[in-house]
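Input: a single structure, listed below in structure tokens.
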Amino acid sequence: MLFVMSSLIFVQFLLLGLRVIDTTTDTWRHCTDFLPLDLLSFVLERDPSKLVPGVHMKQAGAVRGIHFSSPHTSMSFPSSQLLVNCDLFPKEFSIIVTLKVTSSAAKRNEYIFSLMEPKTVDKTGLVEKKVDNEEREQHGGMEKKERRVKSNEERGRIILGLRLSGKRLHFLFRGHGGVVEHWGFRGARLADNQWHTLVLVVDSRQVRLTVDCSLPLEIVPSRPFPTDLNIQGSRFHIGSRGRWKGLYSGLLRQLVLVPGSDATHHICPSSDPQLSVLSVPPLLSDLSVAGRDGDGHATSYETQERVAVGLERSCSELLQGQLWFNPLRKGLYLCDGTTWIAVLEDHKRLDYVLEHQVLITGSETHDVEVFQVPGMGLMAAMAHRSAASGSAVYLWSNTGFQLYQNISTYGALAWRHFNMGKKIFLVVSNSGGGSDKPFDKESEMDFSVIYKWSKKRKRFVQFQTLQTYCARDWEAFNINRQTYLAVANHRKGNNNHTINSVIYKWDRSTKSFEVYQMLPTSGAYDWEFFTVGPYHFLVVANAFDGVTTSVDSVIYVWVDGSFKVFQTIKTFCATDWEMFQIGSRVFLVVANGHRLANGPSQYAINSTIYELDMNGQLFVRFQDIMTYSAVDWEFFTLGEEYFLVVANSFNGESYSLNSILYRWQGYEGFVPVHWLPTIGCSDWEFFSSKGESYLIYSSAKVPLSKVFKLKIY
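Residue numbers (the working numbering): 12 to 724.
So this is what it looks like as structure tokens:
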């Protein structure tokens with residue numbers, strides 16, 4: 012007998028409700044499988060329009076860095092915001108730092124960063140006791156030192172940190188029994204008022220420090236880095252240990268933690284090893300026109316060089332006609348006064364994915380739509396769950412997305428952008444409810460809204476409202492120069508999922524969208540329109556028929572002015588279809604959410620790629636990929652390479668899990684190449700800006716979205 016899931020549980024799954032399941036386990040979880048974590052960008056970009064208190068931007072030798080005037084709380088944050096869903100610090104990792112240390116700093120103890128326990132006061136009143144047990148090793152004439160310190164600090168015990176002390180660089184951490192161990196490198200020659208890039212690599216056998224891509228200094232410690240370093244409740248402090256004493260006095264340009272990896276090969280060798288870059292905050296990445304000669308003195312590229320060489324260059328009117336060779340991309344570029352134009356360029360290949368921006372949103376977000384508005388630039392519309400906060404439109408700048416406009420919505424589930432001539436529109440899918448208004452009947456708020464861009468007001472203004480039923484998605488398309496909109500009506504009331512979804516057509520006489528065709532759907536979740544040759548297709552993702560998630564999704568084809576059934580495909584809570592082409596081959600990939608029939612739900616199931624068989628005139632199974640309650644696929648290209656990224660949202664126990672980036676390998680199909688940590692991932696969007704490529708994901712579980720930068724070589 013079929014097990015009938017209650018509509019309430021089903022709705023909670025589909026909407027990815029507010030509460031994350033709080034489970035306990037006897038097994039501590041290590042922080043693994045993370046991307047490089049840009050600690051500096053994380054604190055600087057909370058409000059990119061201005062620097063946080065206690066932080067100042069300074070320029071030295073045509074290079075920007077930040078200077079700390081106080082250990083302000085803005086430069087501190089809980090480790091759980093960055094190291095998600097884990098309890099123990101990574102067993103192996105790298106730390107990359109680009110800094111400039113003044114000669115006076117050699118007389119003080121200064122912290123580049125620290126990871127501290129919550130504030131406590133030692134009952135004995137002891138602030139700090141030191142017991143030294145030193146071991147000295149010689150390596151290439153450089154002295155390194157390992158020592159252990161028993162420490163109880165009034166403002167919280169240090170768990171881990173990087174500190175400058177005298178002529179040494181110290182990596183310190185809490186070992187067994189509360190003993191703070193120091194691994195010290197002497198002879199690194201950092202306090203010379205010059206820029207330096209350091210890579211500290213900690214693994215199970217040794218510790219290595221590489222300065223400016225030179226030969227590494229090594230320590231083989233008597234005891235390895237602990238595998239049980241608990242970070243629960245801890246906080247990162249950038250440029251200090253949370254106190255005035257120990258405040259870093261130099262300039263800091265780059266601070267990146269790379270869990271589980273030796274990051275040396277990412278930045279070495281380098282044409283400019285003192286300024287090798289893995290991730291620099293956008294606020295600091297725009298170098299001035301002036302460069303540096305061999306003695307560190309300023310020089311002008313436009314007067315001294317006709318071909319500039321390096322990894323970072325900005326194109327301006329002063330550099331018009333300048334040639335630039337980028338050794339990383341193996342490309343030669345010409346400055347036209349505003350942008351670099353490729354003269355000769357190697358094929359772009361994806362190297363790794365780097366977190367670029369953490370965007371705090373007004374609510375959990377079910378969908379993000381990225382689009383261009385002429386005269387404004389790149390924009391993103393976020394579909395926020397909460398009716399109280401409404402949804403938001405963001406504008407892209409050099410540092411990331413900034414809030415531009417708030418729009419009242421009611422349990423928004425999706426946005427869709429479309430054009431009619433030069434007119435720009437946005438349509439939102441309102442579900443009729445929100446976190447503050449449960450959906451338990453046909454709501455008066457159950458309508459979706461079309462907004463039109465006003466050139467005069469430079470805002471989206473309400474244009475037309477349309478009656479919908481828990482709308483999950485809109486799709487806009489053109490056939491024979493006519494504009495159509497298709498809405499995915501998910502359900503009517505609590506239980507009726509087998510209802511009509513609607514296709515609207517633009518009526519030029521009434522200047523509005525009018526009902527054109529009804530199509531029967533079952534818990535419709537998504538529409539995807541595509542064209543193959545002279546044929547127009549529309550495929551619906553059917554998720555639930557009121558009894559089971561094992562339902563047919565339907566591909567329609569345009570025949571004689573309307574859509575007719577072309578093919579049905581068995582899916583399991585289908586939430587998304589994505590069409591893409593590789594050469595002359597046409598593919599469709601479905602995101603299967605979960606399987607529900609006889610027994611409990613299965614969230615770890617295959618999503619499937621189908622290929623169009625031209626001879627058989629139907630889509631046939633090409634590849635199965637294991638996914639975890641997948642809710643979205645996004646296809647994109649970089650150079651001559653093809654990629655798919657999936658939004659994994661839930662594995663039956665946790666919403667914090669990896670979404671995966673796959674690369675096309677020809678005969679092998681798509682293979683996983685990057686694992687991206689996400690929380691309740693609900694949507695992925697690919698976009699490009701000024702020659703750089705990015706991915707943004709939205710979260711239906713926490714009020715944040717993240718932008719990832721795709722680094723290529």
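The beta carbon of each residue, even a glycine, is placed where N, CA and C say it ideally should be.
| query | result |
| --- | --- |
| Bounding residues of the beta strand (DSSP E) (the contiguous stretch that carries His277) | Here His277 belongs to no beta strand (DSSP E); instead the alpha helix (DSSP H) covers Thr275 to Ile278. |
| Start and end residues, beta strand (DSSP E) containing Phe79 | Val74 to Phe79 |
| Span separating the alpha-carbon of Ala71 from that of Phe79 | 15 angstroms |
| Same chain only: Cβ atoms within 6 angstroms of His428, ignoring 5 sequence neighbours per side | Glu380, Phe382 and Leu437 |
| Whole-Å CB distance - Leu649 paired with Val364, under 8 angstroms assumed | Wrong, their Cβ atoms sit about 11 angstroms apart, outside the cutoff. |
| Buried versus exposed, by CB contacts within 10 Å (16 or more), Glu283 | Reading off the sequence, residue 283 comes out as Asp, not Glu. With 16 or more Cβ atoms within 10 Å of its Cβ, Asp283 is classed as buried. |
| Whole-angstrom distance between Ser419 and Ala399, CA atom to CA atom | 8 angstroms |
| Among Val597, Ala585, Gly411 and Gln628, nearest to His605 - alpha-carbon criterion | Ala585 |
| Cβ contact check for the stretch 510-520 and the stretch 457-468: 3 or more pairs under 8 angstroms | no |
| Same chain only: Cβ atoms within 6 angstroms of Arg219, ignoring 5 sequence neighbours per side | Val212, Pro227 and Glu229 |
| Span of the alpha helix (DSSP H) around Val54 | Leu50 to Leu55 |
| Where Met625 sits in the DSSP three-state scheme | coil |
| 7 angstroms CB neighbourhood of Gln473 in its chain, flanking five on each side removed | Val460 and Tyr462 |
| Whole-angstrom C-beta distance between Arg264 and Gly76, which should lie under 8 angstroms | 4 angstroms |
| Under 8 angstroms between C-beta atoms of Leu240 and Arg185 | yes |
| Sub-8 angstroms separation of Tyr405 and Ala391 beta-carbons | yes |
| Residues that Asn441 bridges to, as DSSP identifies them | Ala423 |
| Environment of Glu486 [buried if 16+ CB atoms lie within 10 Å] | buried |
| Spatial neighbours of Ser374 in its chain, beta-carbon cut-off 6 angstroms, leaving aside the 5 residues before and after | His395, Arg396, Ser397, Ser400 and Pro714 |
| N- and C-terminal bounds of the beta strand (DSSP E) containing His501 | No beta strand (DSSP E) holds His501; DSSP gives it neither H nor E. |
| Sub-8 angstroms separation of Leu183 and Val190 beta-carbons | no |
| Integer-rounded CB distance, given that Pro237 should sit under 8 angstroms from His187 | 7 angstroms |
| Under 8 angstroms between C-beta atoms of His83 and Pro64 | yes |
| The beta strand (DSSP E) enclosing Ala487, as first and last residue numbers | Ala482 to Ile490 |
| Other residues of its chain near Gly680: CB distance less than 6 angstroms, five sequence neighbours each side excluded | Gln634 |
| Coil, strand or helix - Ile707 by DSSP | strand |
| Beta-carbon spacing of Ala641, Tyr708 below 8 angstroms | no |
| Strand pairing of His181, partner residues [DSSP] | Arg174 and Gly195 |
| Three-state secondary structure (DSSP) of His207 | strand |
| Beta-carbon proximity of Arg174 to Arg197, cut-off 8 angstroms | no |
| CB of Ser105 within 8 angstroms of CB of Ser272, strictly | yes |
| Close-in-space but distant-in-sequence residues of the same chain around Gly663 (CB under 6 angstroms, 5 per side omitted) | Tyr614 |
| Bridge partners - Ser573, DSSP secondary structure assignment | Val570 |
| His605 in three-state terms, based on DSSP | coil |
| Pro683 - containing beta strand (DSSP E), residue span | Phe681 to Ile690 |
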